[in-house]
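Participant: Sharing a structure below in structure tokens format, with a few things to ask.
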Amino acid sequence: MPKLRFVGVGSAFAGAGLGQSNMVIEAESGKRLLIDCGQRSQDMLHEQYGDSDDPSGLSYIDGVYITHLHADHIGGLEWLALCTYFNPTLGKPKLFCIEGLMHELWDSSLKGGLSTIQGGEATLTTFFDCQPLKINDSFVWEDVLLTPVQTVHVVSGYRIMHCYGLMIQKYKKGTMTIPALPKTFLTGDTQFCPNQLRDFYKQAATILHDCETTPFRSNVHAHYDDLATLDPEIKERMWLYHYNSVPEVFEGHGKAQNNGFAGFVEVGQTFEI
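Sequential numbering of the sequence shown, starting at 1, is according to full-length UniProt numbering.
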């Protein structure tokens, strides 16, 4: 059974023990797909997967899916690119993200540190096997079906920064239609948008939701107090992640179950797909 593991659960400003909200899909084949790769991914992957033979934990990383371009989600990509490029035992990782986001990822974020290598100039394809995705298109990775879900993260003047969460389910080879198997909805970073996301909530057996817990709201993440107003039948399937600190969660709000949620995701926690 494929699994989704949270190698970190914290926000960009959370304490080091929480890491950042990056995940790994663990396929039955043993391959692993990173979902985002933030600045702390090097330490998080070492803690979750590293051993004496593979301290970095990269041996089974087959690729990475990027939800959006904030540093707690892409800040480790330069490390990943260089580690796999200079280690002949590691293959070139696949890079999955929305097509327009892929161009922006290179031009606005990675080019400055990765475009110059000894002997020539590099591009994104020097380091990654690029798999650009179109909005509303699904893709299959190792018998797991993944469908990007566009959410609103930041409204900056007249420009909207979207995040691309995922609807995830196991996929049976050889089928002509999407099988009616349980779905997991990973929101990615999102504002509180119940009307926009309600249909996705209804589809999912498990909801993994962005949740801000600080008393000083950023207004670019769904806040715990707003999520607490959702219907009970939605909250009972909802696990909360991307929170700010342990004291704010467990002392300020008490246990999530008291407000009808499934709980707060903990570092290293896994969910069956």
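C-beta atoms are modelled at their ideal positions from N, C-alpha and C, and glycine is treated no differently. As the structure is a computational prediction, the values presented were derived from the model and not from experiment.
#1: Curious, which full-length alpha helix (DSSP H) runs of at least 4 residues does the region 204-247 contain?
#2: Exposed or buried, which one is SER156 when buried takes at least 16 other CB atoms within 10 Å?
#3: So CYS83 is in the alpha helix (DSSP H); what residue range does that whole segment cover?
#4: What is the rounded straight-line gap between the Cα of GLY38 and the Cα of LEU181?
#5: Mind checking whether LEU110 and PRO93 have CB atoms under 8 Å apart?
#6: Between which two residues does the beta strand (DSSP E) containing ASP62 stretch?
#7: From ARG40 to ASP231, what distance separates their C-alpha atoms?
#8: Using a beta-carbon distance below 8 Å, is VAL9 in contact with chain B?
#9: In the DSSP assignment, what are the bridge partners of TRP106?
#10: Quick check on the burial criterion: 16 or more other C-beta atoms within 10 angstroms. Buried or exposed for VAL135?
#11: Please classify ASP53: does DSSP put it in a helix, a strand, or coil?
#12: With distances taken between CB atoms, is the gap from GLY76 to GLN42 smaller than 8 Å?
#13: Less than 6 Å between C-beta atoms, sequence neighbours within five positions excluded: which residues of the same chain meet that for GLU142?
#14: Of the choices ASN259, GLY260, VAL265, TYR243, whose alpha-carbon is the least far from that of ALA14?
#15: Buried or exposed: GLY252, going by 16 or more other Cβ atoms within 10 Å of its Cβ?
#16: Considering only DSSP beta bridges, list what ASP129 is partnered with.
#17: With burial defined as no fewer than 16 other Cβ atoms inside 10 Å of the residue's Cβ, what is the status of GLY119: buried or exposed?
#18: Where does GLY252 sit, in a helix, a strand or coil, going by DSSP?
#19: Could you spell out where the beta strand (DSSP E) holding GLY165 opens and where it closes?
#20: Is ILE66 closer than 8 Å to LEU101 when the C-beta atoms are compared?
#21: Exposed or buried, what is VAL172 when buried is set at 16 or more other beta-carbons lying within 10 Å of its beta-carbon?
#22: Using 8 Å for Cβ pairs, my map puts LYS3 next to PHE271. What's the rounded Cβ distance?
Facilitator: Walking through what the data contain:
#1: Correct list: 224-227, 232-235.
#2: Exposed is the call here.
#3: DSSP places CYS83 inside the alpha helix (DSSP H), whose first and last residues are 77-86.
#4: Rounded to the nearest angstrom, the two C-alpha atoms are 31 Å apart.
#5: Contact: no.
#6: ASP62 -> beta strand (DSSP E) spans 61-65.
#7: Their backbone Cα atoms lie some 35 Å apart in a straight line.
#8: In the structure shown, chain B cannot be found, because there is only a single protein chain.
#9: None, per the DSSP bridge assignment.
#10: The sequence shown places Ile at residue 135, rather than the Val named in the question. ILE135 is exposed by the Cβ-count criterion.
#11: Secondary structure of ASP53 (DSSP, three-state): coil.
#12: The Cβ atoms of GLY76 and GLN42 lie closer than 8 Å to each other.
#13: Cβ within range, chain order: ALA27, SER29, LYS31.
#14: The option with the nearest alpha carbon to ALA14 is TYR243.
#15: Because the pLDDT of GLY252 is 46, which lies under 50, any placement of that residue in the model is unreliable, and the number read from its coordinates should be weighed accordingly. With fewer than 16 other Cβ atoms within 10 Å, it is exposed.
#16: DSSP lists LYS94 as partners of ASP129.
#17: Around the beta-carbon of GLY119, fewer than 16 other beta-carbon atoms lie within 10 Å, marking it exposed.
#18: Model confidence at GLY252 stands at a pLDDT of 46, short of 50, so the residue's coordinates are unreliable; what they give is reported in the following sentence. Correct three-state label for GLY252: coil.
#19: Where GLY165 is concerned, the enclosing beta strand (DSSP E) stretches over 159-170.
#20: Yes, the Cβ-Cβ distance between LEU101 and ILE66 is below 8 Å.
#21: It should be noted that the sequence gives Lys, not Val, for residue 172. With fewer than 16 Cβ atoms within 10 Å of its Cβ, LYS172 is classed as exposed.
#22: Contact flag correct, Cβ pair sits at about 7 Å.
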